[in-house]
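Data block below; observations after.
2 protein chains.
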Amino acid sequence: MDTTYVHGYAAPEARRLGDQADTLAGLLHAGTAFPAGSRVLEVGCGVGAQTVHLAARSPGARLTAVDVSEASLKEAAARVTGVDFRHADLFDLDGEYDHLFVCFVLEHLPEPEKALAHLKTLLRPGGTITVIEGDHGSAFFHPRSEPAQAAIDCLVRLQADAGGDALIGRRLYPLLAGAGFADVVVEPRTVYADASRPALVTGFTRDTFTAMVEGVGETAVARGLATAGSWARGVADLHRTETFHYTFFKATGRTS
Amino acid sequence: MDTTYVHGYAAPEARRLGDQADTLAGLLHAGTAFPAGSRVLEVGCGVGAQTVHLAARSPGARLTAVDVSEASLKEAAARVTGVDFRHADLFDLDGEYDHLFVCFVLEHLPEPEKALAHLKTLLRPGGTITVIEGDHGSAFFHPRSEPAQAAIDCLVRLQADAGGDALIGRRLYPLLAGAGFADVVVEPRTVYADASRPALVTGFTRDTFTAMVEGVGETAVARGLATAGSWARGVADLHRTETFHYTFFKATGRTS
Numbered sequence: 001m002d003t004t005y006v007h008g009y010a011a012p013e014a015r016r017l018g019d020q021a022d023t024l025a026g027l028l029h030a031g032t033a034f035p036a037g038s039r040v041l042e043v044g045c046g047v048g049a050q051t052v053h054l055a056a057r058s059p060g061a062r063l064t065a066v067d068v069s070e071a072s073l074k075e076a077a078a079r080v081t082g083v084d085f086r087h088a089d090l091f092d093l094d095g096e097y098d099h100l101f102v103c104f105v106l107e108h109l110p111e112p113e114k115a116l117a118h119l120k121t122l123l124r125p126g127g128t129i130t131v132i133e134g135d136h137g138s139a140f141f142h143p144r145s146e147p148a149q150a151a152i153d154c155l156v157r158l159q160a161d162a163g164g165d166a167l168i169g170r171r172l173y174p175l176l177a178g179a180g181f182a183d184v185v186v187e188p189r190t191v192y193a194d195a196s197r198p199a200l201v202t203g204f205t206r207d208t209f210t211a212m213v214e215g216v217g218e219t220a221v222a223r224g225l226a227t228a229g230s231w232a233r234g235v236a237d238l239h240r241t242e243t244f245h246y247t248f249f250k251a252t253g254r255t256s
Numbered sequence: 001m002d003t004t005y006v007h008g009y010a011a012p013e014a015r016r017l018g019d020q021a022d023t024l025a026g027l028l029h030a031g032t033a034f035p036a037g038s039r040v041l042e043v044g045c046g047v048g049a050q051t052v053h054l055a056a057r058s059p060g061a062r063l064t065a066v067d068v069s070e071a072s073l074k075e076a077a078a079r080v081t082g083v084d085f086r087h088a089d090l091f092d093l094d095g096e097y098d099h100l101f102v103c104f105v106l107e108h109l110p111e112p113e114k115a116l117a118h119l120k121t122l123l124r125p126g127g128t129i130t131v132i133e134g135d136h137g138s139a140f141f142h143p144r145s146e147p148a149q150a151a152i153d154c155l156v157r158l159q160a161d162a163g164g165d166a167l168i169g170r171r172l173y174p175l176l177a178g179a180g181f182a183d184v185v186v187e188p189r190t191v192y193a194d195a196s197r198p199a200l201v202t203g204f205t206r207d208t209f210t211a212m213v214e215g216v217g218e219t220a221v222a223r224g225l226a227t228a229g230s231w232a233r234g235v236a237d238l239h240r241t242e243t244f245h246y247t248f249f250k251a252t253g254r255t256s
């Protein structure tokens, strides 16, 4: 397994993920609010990009957020107050919670099935889990471009080489159902940007998705997955897109 | 240009499109209701699969529906009452209308730009156009399957060979804006089916999308685009999908 590239753990990535969360917060967090007093655990909070929205939408909840990166936790703690930040690996977590929130985490794990099985042990009976993931296979755009598509395919390949799955969104239903969660519901949350939505063109197409592609260019070229020229053309074509589509998936389930 | 395959004009297709419309009606027609007395023209009504929903949602509107196929119009007239059905080619249409409705039509046209330019001449100042199209590039599913993906790619190729574009959904914004419509708004309307939504698995994944793929198998094999074996595997894999995603695009614009 290759862990050189794990997006979310590099300096410019921190700002990118912050921007992404702000643009997408409404889309991803709609419908997620936990009652006052409930014990909520965010697993893999990273730099707190989602934590800030969790805390804002569930002001009375008792929020704990964990991550494996001390550096990310430090940034997160500087960003959000009133949250109990802890340094821990997902598989070492214990305790009991009413609700779990897991966003952009399973995509990085070689065995998401095992992660979900362990997370399930942390929930009280009747507790809920919320999982959000993207799926790079949902990305399409106009004008079409082979170099841009090839660059996106490289991202999928790099994440697979690192033990993850950039196409995991489509798997959330079988993953949660397979882990034994009840009442599993998966909803697509689709981002569509064109010239009539300039904030999304900037905030998502350019500063989120295209920035993510640009961010792995050196790695892709160094590994011989792309030439510098083809990568540059792909990125340029993404910058030139007039319409862009991407679907996130939001899944919920509960313990019986 | 090859017109052997134009979906919508074969006998089993008529029933399929009827089923499709019923399953998707809520998704596609939400937000579309025209005022009593307004003059509404449906362009390319086919067998009336959408006309029935248009009429139901705009009971007081004066609805005219046209198609190039006399056989389709006869079916449509048997299905919906209170609609003025007329036999006409899109480019021969004249008169003045308050609203145009154009669903699954542009995908078949070699020059959708010219069609939109002509349709615009039929609208009074301040009139609106509503356009709905799919985009086969939005189809993805779990488990992934190369034969299934190859079969879908064949559909795109066959439609291109017939002068159409099965990937037109992503182009609606530039097409309508380019034709000079004002206030163009395009919304993705996403279908997502898994085991928690059995009616969608049956009504969309199986009876709409997979049935459409199955319907062009003989043509694809006869033209050497696929082998009988690979096509059968692709269709079997589509029947076995656990999750399925597809995005339609609904665009509106107005004349100034």
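Read top to bottom, the protein sequences are chains A and B.
As numbered in the UniProt record's numbering, residues 1 to 256 make up the first sequence, in order.
As numbered in the UniProt record's numbering, residues 1 to 256 make up the second sequence, in order.
Think of the CB as a built atom: it goes at the ideal place given N, C-alpha and C, for glycine as much as any other residue.
Contact note: residue 195 (chain B) reaches chain A through 173, 174, 177 and 184, using a C-beta cutoff of 9 Å and chain order. For residue 242 (chain A), the neighbours in chain B by C-beta distance under 8 Å run, in chain order, 173 and 174.
In the DSSP assignment, residue 115 (chain A) falls within the alpha helix (DSSP H) that extends over 112–120. In the three-state DSSP reduction, residue 61 (chain A) falls in the coil class, being neither helix nor strand. At a cut-off of 8 Å between C-beta atoms, residue 170 (chain B) counts as an interface residue with respect to chain A. Taken atom to atom, the span from the alpha-carbon of residue 105 (chain A) to that of residue 77 (chain A) is near 19 Å. Comparing alpha-carbon positions, the option among A:251, A:87, A:97 and A:60 lying closest to residue 175 (chain A) turns out to be A:251. Going by DSSP, residue 87 (chain B) is part of no alpha helix (DSSP H) but of the beta strand (DSSP E) stretching over 84–87. Around residue 141 (chain A), the beta-carbon contacts reaching into chain B at under 7 Å are 170. One finds nothing in chain B with a Cβ atom closer than 7 Å to the Cβ of residue 130 (chain A); even the nearest lies about 16 Å away. Annotated three-state conformation of residue 167 (chain A) is coil, per DSSP.
Relative to residue 170 (chain B), the option among A:83, A:195 and A:170 whose CA is nearest is A:195. Relative to the Cα of residue 69 (chain A), the nearest Cα in the group A:60, A:87, A:159 and A:54 belongs to A:87. Taking 4 residues as the shortest admissible run, the stretch 146–214 of chain A contains the following complete alpha helix (DSSP H) segments, listed from N- to C-terminal end: 146–161 and 172–178. In the DSSP assignment, residue 41 (chain B) is bridged to B:64 and B:100. Against chain B, the CB of residue 256 (chain A) has no partner CB under 8 Å away; the residue lies outside that interface. Under the Cβ distance rule, residue 245 (chain A) counts among the residues neighbouring chain B, one pair being separated by less than 8 Å.
Contact note: residue 137 (chain B) reaches chain A through 140, using a C-beta cutoff of 7 Å and chain order. By the criterion of a C-beta distance shorter than 6 Å, residue 242 (chain A) is surrounded in its chain by 142, once the five residues flanking it on both sides are discounted. Within chain B, the residues 190, 192 and 245 have their CB atoms less than 7 Å from the CB of residue 188 (chain A), given in chain order. Residue A:116 holds the alpha-carbon nearest to the alpha-carbon of residue 128 (chain A) among A:26, A:89 and A:116. Our two residues, residue 48 (chain A) and residue 120 (chain B), have alpha carbons roughly 49 Å apart in a direct line. Of the residues assessed, residue 183 (chain A) falls on the exposed side of the cut-off, its CB having fewer than 16 other CB atoms within 10 angstroms.
Residue 189 (chain A) has its alpha-carbon roughly 14 Å from the corresponding atom of residue 130 (chain A). Pairing residue 124 (chain A) with residue 153 (chain A) gives a Cβ-Cβ distance that is not under 8 Å.
Partner residues in the beta bridge of residue 133 (chain A), as assigned by DSSP, are A:249. For residue 239 (chain B), the enclosing alpha helix (DSSP H) starts and ends at 228–239. Shortest Cα-Cα distance from residue 222 (chain A) to any of A:158, A:185 and A:110 involves A:158.
Less than 8 Å divides the Cβ of residue 32 (chain A) from the Cβ of residue 57 (chain A).
Looking at the DSSP output, residue 142 (chain A) bridges to A:243. When the Cα atoms are used, residue 179 (chain B) and residue 139 (chain B) turn out to be separated by approximately 28 Å.
Taken through DSSP and simplified to helix, strand or coil, residue 124 (chain B) comes out as strand.
Looking only at A:85, A:64, A:100 and A:244, the smallest Cα-Cα distance to residue 173 (chain B) is reached by A:244. According to the DSSP secondary-structure assignment, residue 254 (chain A) is paired through a beta bridge with A:128 and A:182.
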